[in-house]
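Q: Structure in structure tokens, see below.
Residue numbers (this note's numbering), protein chains in the order written: chain C, 1 to 501; chain F, 1001 to 1501.
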């Protein structure tokens, strides 16, 4: 690329697109709220984690050293009835809570691996930071923002709002009055709180609650919002660069995180807040009760009435990257089918490009070099515009006709130089693999696959020679051998192609 | 199987083979010391974890409900110079300690996945249990077995030996006198201890030590031995069924674990102690300094002067299972080559067996049915004899000639009934996949691979013809084409074989 464009990101906190300037030059600290491991990961969460994976990869591509922390919530995330999700999952499965945690953490990692995301630099668990959480509860209390009530400790939102009238509600866009009277509380039926909007930062465990630790206030467990305040600052410092998560976490989770950090350290945790948007299904919100949802496993197996075929994880990922992370994304069979076709075109285009520069003869500048190189630069520009993957992908699709035209002869060989083609090949491969984290589905015949490509080239060549010299014995032998191998050859004007049946 | 044989295990604590009777009928609780994640996992540890994986699988096969806990040591395991391994690894890599932990935990899981081991039911981390460790230190102190000295807390071995003269040294077979004067201490140069054999259960952190937590005694971190005492009993109860680990952990790690549990709870943690033995390299102890070691990655890639080719993970695993877990195992290229051949025979035999029962016509008992079914029972007998995988595998190799003979016609079709063949097929597949955790390498060339086999057959056939008819043009073309495909052909009397480079 000529010069790296300036990176700008949409900051949910300020509601503005801002130039991204990390605290320490050349280094980025990023925290993303990870899964609560009490059930299989939701496809909406998969989208969020894929989005932040591409953001992580883009930052690495831009040359930043990145410390990327994504947590595992293995305690404290309550349901509306006030029960811990992990404990409820454990009772349902008749397992020890930590067995539930292990089962779904493994499952989550498997799904992430299937979709080709990079592991974060640190993946801390809430249960691994109980001491630190107790310490932050104490700091919040010491600063007057927390109070104990019957063994639980609550965050005093009234005092916080009085002290910071601008802050509480800023991220989620809620009005302070609304927040104060907010009835949907963490602990329904709890009369220990002074205000309905106060939230638990330490909870006394009920008698049958298995996950419990000693604390100055009670045997209990930390509140859900607290873990992220603790783990982000432990590994990234009191203030760090990026905090990410799904849109649905803005309130109460992220709003309360900010309140806790302000209460404990007197500063905002993150300078840029990035939020992914919702996944829809055929235009409507996904919901199990409305029979309008699909799981990652179902998408991959095709075992759902909502789709007509299984989809390759790379196709699903490509489909997701064709929308901006901050837009809603509507899953439908039609859209996935289109992505499937588009992805194949993309992979084929990249395969065509492979080695094209090395074998190209034209060592002098071509008339269309500039056009090609401009498109390459445009990809970076789009990525630097709030990680705009759909537009970056669109730029690649503008490049492909040039490649295919050159290969097919509709663009004359002197129009593009060997150097420009080689640059394009290297760059697109990097964008495809390193930044978007995609893998060609054409190479799926791994191991044998590439060798098979070469050997087939040899065989088709010999078949051609045999036919030309009317050596029918040999050409029959090849025909039978390929049939036994389950390979179908199609002859066309441009040459022969083959597929495995 | 007719009736399940009684399971017996060699108990390192009593030095006897004993009938295995779990505390709760039908349920087994098992704890195995996991890796310290400060570097790539050692092949000797891989052997240990594969061994316990097969033990876990065998227990499941025998119908037990098993809770299998294997920890991750991510703090507190000191080097001889008294430095924490994780911290040292972090300094070396210029990373935050938890980044080191993440990196090598991921790497460990990748290796375990490559070797096809099951994840444990719970995989707790030492840093996730600091509160519980502080509580156990307190309990040990309350019972008079621990004392504070300059912010660190030590276990008082002298008092423990006085109270339990029979116990300390029982597992490792060391004499109490030796133990008391043992000079190789955890903390060289530490004069805080009353006796050289005392060991730290809580350590005050030096100023530059990043991993530290508040405690009643100092900002510090727990001793290595302590974490296993804490995590095993937290998830399995004060006394559980099986405690496993490598032989090298007997002293001081396991001996001290027992002392800690006795000191804190007054009871032995585990009823059966199982230990895996050492891995040798060409008959000598593996040692990096003597240039006599090999890593899992090197075994898999072939990138080591000690071996002549890469080995498939299943071949390496099969090689390991051909020795008993409690015997030393000598790695050498010859032994691996032999295992490679043996494993291929095993996979081919199982493939021959597939569907043989279903297609067999003989519905009446065959004269050799009993012989076959006896061998099937023998496999269970061997597995129940302290998980004797080499003998169980040997029984499978006694079964294969019957199968191959039947298939090849040297054993008449009426000698074996369809039912006996079908039983054999189902049982061997179960032993192979579920109990030994193996996968056929014959299926490895999925997708493109099988096609490649066929196409290569065709190409080698054409190469042979070209040579015979002295058509050097064609044979040269094939030679070049295969070279481009990265395929090496070896010619031998029995025919040509090929490998992908």
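Just so it is clear, CB atoms sit at the ideal spot from N, CA and C, and this is done for glycine as well.
Note that the structure is predicted; figures quoted are calculated from it, not measured.
Output needed in chain order: residues of the region 1449 to 1462 of chain F with a Cβ under 9 Å from some Cβ in chain C.
A: Here the close residues are 1449, 1450, 1451, 1452, 1453, 1454, 1455, 1456, 1457, 1458, 1459, 1461 and 1462.
Q: Which first and last residues belong to the alpha helix (DSSP H) in which residue 1222 of chain F is found?
A: Translated into the one-based positions of the second chain, residue 1222 of chain F becomes position 222. Segment 1220 to 1222 is the beta strand (DSSP E) holding residue 1222 of chain F; no alpha helix (DSSP H) there.
Q: Pull the bridge partners of residue 1149 of chain F from the DSSP assignment, please.
A: As a first step, residue 1149 of chain F is located in the second chain; it is residue number 149 there, counting from the start. The partner list for residue 1149 of chain F (beta bridge, DSSP) reads F:1152.
Q: Identify every residue that forms a DSSP beta bridge with residue 27 of chain C.
A: Here residue 27 of chain C refers to the residue found at position 27 when the first chain is read from its first residue. Partner(s): C:24 and C:65.
Q: Is the separation between the beta-carbon of residue 307 of chain C and that of residue 336 of chain C shorter than 9 Å?
A: Within the first chain, residue 307 of chain C is the residue found at index 307, counting from 1. Within the first chain, residue 336 of chain C is the residue found at index 336, counting from 1. Yes. Within cutoff.
Q: Cβ-heavy atom distance between residue 193 of chain C and the ligand ATP below 8 Å?
A: This structure lacks the ligand ATP; in fact it carries no ligand of any kind.
Q: Output the boundary residues of the beta strand (DSSP E) element that contains residue 1240 of chain F.
A: The residue you call residue 1240 of chain F lines up with position 240 of the second chain. First-last of the beta strand (DSSP E) with residue 1240 of chain F: 1240 to 1246.
Q: Closer than 6 Å by C-beta to residue 1219 of chain F: which residues in its own chain qualify, once you throw out the five before and the five after it? Chain order, please.
A: To locate residue 1219 of chain F, count along the second chain from 1; it is residue 219. 1205 and 1212, listed in sequence order.
Q: In angstroms with no decimal places, state the Cα-to-Cα distance between residue 61 of chain C and residue 29 of chain C.
A: Taking the first chain and counting its residues from 1, one reaches residue 61 of chain C at position 61. Taking the first chain and counting its residues from 1, one reaches residue 29 of chain C at position 29. Residue 61 of chain C and residue 29 of chain C: Cα-Cα distance of roughly 15 Å.
Q: Please state the DSSP three-state secondary structure of residue 1046 of chain F.
A: Within the second chain, numbered from 1, the residue matching residue 1046 of chain F stands at position 46. Note: residue 1046 of chain F maps to helix in three-state DSSP.
Q: Determine the closest residue to residue 496 of chain C out of C:469, C:458, C:477 and C:485, with distance taken between C-alpha atoms.
A: By one-based count along the first chain, residue 496 of chain C stands at place 496. For the residues C:469, C:458, C:477 and C:485, the minimum Cα distance to residue 496 of chain C belongs to C:458.
Q: When Cβ atoms are compared, which residues of the region 228 to 241 of chain C fall closer than 8 Å to chain F?
A: Against chain F - using a Cβ distance shorter than 8 Å - the residues of the region 228 to 241 of chain C are 235.
Q: Could you name the residues that DSSP lists as bridge partners for residue 491 of chain C?
A: Walking along the first chain from the start, residue 491 of chain C turns up at place 491. DSSP output for residue 491 of chain C lists C:496 as bridge partner(s).
Q: Taking only beta-carbon atoms, is residue 1122 of chain F less than 9 Å away from chain C?
A: Residue 1122 of chain F sits at position 122 when you count from the first residue of the second chain. Output row for residue 1122 of chain F: interface = yes.
Q: Kindly list the residues whose CB is nearer than 8 Å to the CB of residue 1272 of chain F, restricted to its own chain and excluding five residues on each side of it in sequence; keep chain order.
A: As a working note, residue 1272 of chain F is residue 272 in the second chain. So the list reads 1009, 1011, 1013, 1018, 1020, 1241, 1242 and 1243, once near-sequence residues are dropped.
Q: Compare the C-alpha of residue 507 of chain C against each of C:37, C:209, C:202 and C:124 and name the closest.
A: The requested residue 507 of chain C is not part of the displayed model; chain C covers only 1 to 501.
Q: With burial defined as no fewer than 16 other Cβ atoms inside 10 Å of the residue's Cβ, what is the status of residue 1004 of chain F: buried or exposed?
A: In the second chain, counting from the first residue as 1, residue 1004 of chain F sits at position 4. Its Cβ having fewer than 16 others within 10 Å, residue 1004 of chain F is exposed.
Q: Can you look up residue 262 of chain C in the DSSP assignment and give me helix, strand or coil?
A: Residue numbering aside, residue 262 of chain C sits at position 262 when the first chain is read from its first letter. Residue 262 of chain C: helix per DSSP, three-state reduction.
Q: Report buried or exposed for residue 1476 of chain F, applying the criterion of at least 16 other Cβ atoms within 10 angstroms of its Cβ.
A: Locating residue 1476 of chain F in the second chain gives position 476, counting from the first residue. Residue 1476 of chain F is exposed by the Cβ-count criterion.
Q: Output yes or no for whether 9 Å exceeds the beta carbon distance between residue 1031 of chain F and residue 1066 of chain F.
A: Your numbering for residue 1031 of chain F matches position 31 in the second chain. Your numbering for residue 1066 of chain F matches position 66 in the second chain. Cβ atoms of residue 1031 of chain F and residue 1066 of chain F: not closer than 9 Å.
Q: Closer than 7 Å, Cβ to Cβ, to anything on chain F: give me those residues from the region 83 to 115 of chain C, in chain order.
A: Against chain F - using a Cβ distance shorter than 7 Å - the residues of the region 83 to 115 of chain C are 96, 98, 99, 102 and 106.
Q: Can you pull the chain C neighbours of residue 1125 of chain F, defined as C-beta to C-beta under 7 Å?
A: Locating residue 1125 of chain F in the second chain gives position 125, where the first residue counts as 1. 128, listed in chain order.
Q: By the DSSP assignment, the beta strand (DSSP E) with residue 1426 of chain F in it spans what residues?
A: Position 426 of the second chain holds residue 1426 of chain F. Run containing residue 1426 of chain F: none in the beta strand (DSSP E); it sits in the alpha helix (DSSP H), 1418 to 1430.
Q: To the nearest angstrom, how far is it from the Cα of residue 1369 of chain F to the Cα of residue 1415 of chain F?
A: Looking up residue 1369 of chain F in the second chain gives position 369. Looking up residue 1415 of chain F in the second chain gives position 415. Distance between the alpha carbons of residue 1369 of chain F and residue 1415 of chain F is about 7 Å.
Q: Using a Cβ-Cβ cutoff of 8 Å, what residues of the region 1069 to 1080 of chain F are near chain C? List them in chain order.
A: Under the 8 Å Cβ criterion, the region 1069 to 1080 of chain F contributes no residue.
Q: Taking C-beta pairs closer than 9 Å, name the residues in chain C that residue 1481 of chain F reaches, listed in chain order.
A: If you number the second chain from 1, residue 1481 of chain F lands on position 481. Per Cβ cutoff of 9 Å: 454, 455, 457, 458, 459, 461 and 462.
Q: With a threshold of 16 other CB atoms inside 10 Å of the CB of residue 347 of chain C, please say whether the residue is buried or exposed.
A: For the purposes of this step, residue 347 of chain C is taken as residue 347 along the first chain, with counting starting at 1. With 16 or more other Cβ atoms within 10 Å, it is buried.
Q: Between which residues of its own chain and residue 1130 of chain F is the CB-CB distance below 6 Å, once the five residues before and five after are set aside?
A: Numbered from its first residue, the second chain carries residue 1130 of chain F at position 130. Counting only Cβ-Cβ distances below 6 Å, and skipping sequence neighbours, we find 1213.
Q: With distances taken between CB atoms, is the gap from residue 101 of chain C to residue 37 of chain C smaller than 9 Å?
A: Within the first chain, the letter at position 101 stands for residue 101 of chain C. Within the first chain, the letter at position 37 stands for residue 37 of chain C. A contact, by the Cβ cut-off of 9 Å.
Q: Between which two residues does the beta strand (DSSP E) holding residue 1096 of chain F run?
A: Counting from 1 along the second chain, the entry for residue 1096 of chain F is found at position 96. Element bounds for residue 1096 of chain F: n/a, residue is neither H nor E.
Q: Which residues in the same chain have their Cβ closer than 7 Å to the Cβ of residue 1485 of chain F, if we skip the five residues on either side of it in sequence?
A: Here the question's residue 1485 of chain F lines up with position 485 in the second chain. Taken in chain order, the list of residues that qualify is empty.
Q: Can you give me the Cβ contacts of residue 1050 of chain F inside the same chain, cut-off strictly under 7 Å, excluding the 5 residues immediately before and after it?
A: As a working mapping, residue 1050 of chain F is identified with position 50 in the second chain. If we look at residue 1050 of chain F and ignore the five residues flanking it on each side, its Cβ neighbours are 1115, 1117, 1317 and 1320.
Q: Establish whether the CB of residue 135 of chain C and some CB of chain F are separated by less than 9 Å.
A: Within the first chain, the letter at position 135 stands for residue 135 of chain C. Residue 135 of chain C counts as touching chain F.
Q: Going along the chain, which residues of the region 387 to 398 of chain C sit with their C-beta nearer than 9 Å to a C-beta in chain F?
A: Taking 9 Å as the Cβ-Cβ cut-off against chain F, none of the residues of the region 387 to 398 of chain C qualify.
Q: Going along the chain, which residues of its own chain have a beta-carbon closer than 7 Å to the beta-carbon of residue 1127 of chain F, five neighbours each way excluded?
A: Here residue 1127 of chain F refers to the residue found at position 127 when the second chain is read from its first residue. So the qualifying residues of the chain are 1074 and 1075.
Q: Could you check what DSSP says for residue 1299 of chain F in three-state terms: helix, strand or coil?
A: Counted from its first residue, the second chain places residue 1299 of chain F at position 299. Helix at residue 1299 of chain F.
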